[in-house]
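Numbering (the working numbering), first residue to last: 13 to 773. Reading through the structure tokens given below for one structure.
Next comes the structure, spelled out in structure tokens:
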């Protein structure tokens, strides 16, 4: 393919024009404006002529209120006979109004079977004659009265409109007719027929229910008598007497004995405790201080008071006299006498308490014997009482049912005279003055608007079709043109000549499926790298290819003699070209892609990052290639925890001079996944801290214009290995690249099979 030379490198941009030439269409519309107005006039005139032959239709409406607040005299607090208290009830009443039982009375009363408008099914007009002709004549049953009446009912139902007024309990009954008076009369008649039908149904239901309940009462009365007779006979047979309602006499006796036993046991416990306390005091020698409340009687209390007074007198005498003094000896004798009297009283109380304890124990024993005897009697009556309760329950249920039915029967028999109507007419139909159809003015206006639209379509349709056909033919011709044009190698030019002219991106850009004849810019061709394994030790860390690339770039910047010096020179000039931002102060993001793996895409990304860093630029290298994560696996970088933010995953390599981040960390290997909008926004914010951002992106076939990752770069570079097989598909590759780039700059870089070894991954 011949090379083209140019002093400027212009990337492809989508055509500014749309699919149709709007200005050409407007010019055609201006020339044919007479056709538009003529079409509108014809439509309006034809519609006006048709309305002159249409018969007017009038509508009259009667309003019925179904009052949910109406309560019948015999309705309980939680029940009501009103069935129209909710939406379903209102819908049911609408269906009743449209039913045969309501409409048939109206048809008969107003003789609609022979009416000129509703007779014979409402087909006596022009349309009726046409339908009759299409049906092939009159059937043999058309002349019968029942047939005519049924057809009139059908015609009346079609002329009616019954609907609820909003969310209220008001029902509108509307009737359409050619005669306004007839419309009002029929609307009122239908409403009145509905009210009468509702009343008839209530009366019929009351009569039917009353007869059925009367028949039922006879059987219930006999069942109740037999059930109560069985209860009484069973009681007499088993001698089962009730002490109270629902409790047998033996059960009442057992309950009383159990209560007495509890009281006796409590008394026994109290007597035992008192006796034990007195015995303890006696055994202790009758110590006055050990007396408790249980052992205190009036006599002991008096003796204790005398003893206390004597003790105080003794204490006072000992203060002034010796123990041998007659007064002291006398008071001591008095204390001994009082102590002896207290002990004698305690002995008497102990004997009395022991007797009380014995009596309480004998009473408890006697009550236990009586309870045992009574329990055996209760057990004997329990089997019989079970059957007795069953008989009593049956008798009680039968009596309750009989009483309820009897009370309800008395209420229903009075309903005929005290039923309060829950529906009434609140607005009878008035004779309408204006017809509802046809709306002549509205129909003429709509016809005129339709005519305008039709005229515009006729005026511009031909021109639009011609432009679309011409556009289609041009696209067909461009598909056979090889648009992959290249420019002269970059090595023969100076850096200022290599700066790409940037076309600002448009938010509403439309990717074009085919590039223009100008082709794709060839930014440069990378020379092959010579394998210098003997000097590997001069470069630190990484795979063989990484060491070789860094060595070539370092030797170029340091001026050392190296067979790969030309490689470093070309990389330096490409880095200088792409590092100049079109918008000062904004991040400069470049993404590399390739038609397929193994085209040298990763090699170029790594070499450009090294060269830009040597030009004192703050560089960020991002690995966004999910299928071949070469940069993340073979270089001395850290992929980082995928749960961290992008900013926290950035690793700065001071030895290489640039930073690195993996955008595929944590994703399944060989799996394609779109970047989220949150990650794209965060990456764009992180990019503002760097002078140049280089993205090692997916292959061209895996780029999706809907992926937010594709919207991040300002420039797209295509890495393509040189060879006949690659050139044979240049048209498809270029079209796909331009479809992704849109209006953004894009260029190609030729490689001489300069690719990262597969073993490095």
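Here a beta-carbon is modelled for each residue, glycine too, at the ideal position from N, C-alpha and C.
When C-beta atoms of the region 555-564 are compared with those of the region 604-611, fewer than three pairs fall below 8 Å, so the two segments do not count as touching.
By the Cβ criterion, the region 333-340 is not in contact with the region 358-365, since fewer than three pairs of Cβ atoms, one from each stretch, lie closer than 8 Å. Taken in chain order, the complete alpha helix (DSSP H) segments of 4 residues or longer contained in the region 147-203 are 157-171. With a beta-carbon spacing of about 5 Å, residue 75 and residue 438 fall inside the 8 Å limit used to define contacts. Counted as a single uninterrupted DSSP element, the beta strand (DSSP E) harbouring residue 436 occupies residues 435-439.
With a contact defined as Cβ atoms closer than 8 Å, residue 435 and residue 210 qualify at about 6 Å. Here DSSP, grouped into helix, strand and coil, assigns residue 629 to coil.
Membership of residue 745 in the alpha helix (DSSP H) is indicated by the continuous run 742-753. When C-alpha distances from residue 584 are compared across 248, 235 and 536, the shortest belongs to 536. In this chain, the alpha helix (DSSP H) harbouring residue 58 covers 45-64. Residue 226 sits in a helix when the DSSP states are folded into three classes. If the five residues before and after residue 37 are omitted, its C-beta is found closer than 7 Å to the C-beta atoms of 472, 475 and 476, all from its own chain and listed in chain order.
In terms of Cβ geometry, residue 232 and residue 414 form a close pair [threshold 8 Å]. Rounded to the nearest whole angstrom, the CA to CA distance from residue 533 to residue 458 is 57 Å. Burial check for residue 385: the Cβ neighbour count within 10 Å stays below 16, so the residue is exposed.
Taking a contact to require three or more Cβ pairs closer than 8 Å, the region 571-591 and the region 614-623 qualify as touching. Boundaries of the beta strand (DSSP E) harbouring residue 708: 704-708, taken from the DSSP string. The Cβ neighbour count for residue 746, taken over all protein chains shown within 10 Å, is at least 16; the residue is labelled buried. Residue environment analysis places residue 637 among the buried positions, since at least 16 neighbouring C-beta atoms fall within 10 angstroms of its C-beta.
For the options 380, 69 and 333, the alpha carbon positioned closest to that of residue 273 is the one of 380. Here the alpha carbons of residue 49 and residue 58 stand approximately 14 Å from one another.
Residues 720 of the same chain have their beta carbon placed closer than 8 Å to that of residue 689, with the five preceding and five following residues left out of the count. At the C-beta level, residue 728 and residue 749 come within 8 Å of one another.
Residue pairing by DSSP places residue 601 opposite 705 in a beta bridge.
DSSP links residue 730 through a beta bridge to 605 and 760. Going by C-alpha positions, residue 52 is about 19 Å away from residue 451. The C-beta separation of residue 346 from residue 283 comes to about 35 Å, leaving the pair out of contact by the 8 Å criterion.
Assignment of residue 466 by DSSP, reduced to helix, strand and coil, places it in the helix class. In the three-state DSSP reduction, residue 346 falls in the helix class (H, G or I).
Counting along the chain, residue 73 sits inside the beta strand (DSSP E) bounded by residues 70-78. In the DSSP assignment, residue 315 falls within the unbroken alpha helix (DSSP H) covering 310-332. Annotation for residue 276: 372, 375, 376 and 379 place their beta carbon closer than 7 Å to its own, counting only its chain and skipping 5 residues before and after. Cβ neighbours of residue 116 within its own chain (closer than 8 Å, five residues either side excluded): 161 and 165. By the neighbour-count criterion, in which a residue is buried when 16 or more other Cβ atoms sit within 10 angstroms of its Cβ, residue 668 is buried. Between residue 705 and residue 632, the beta carbon gap of about 5 Å places them in contact (Cβ cut-off 8 Å).
In the three-state scheme derived from DSSP, where H, G and I count as helix and E and B as strand, residue 477 is classed as helix.
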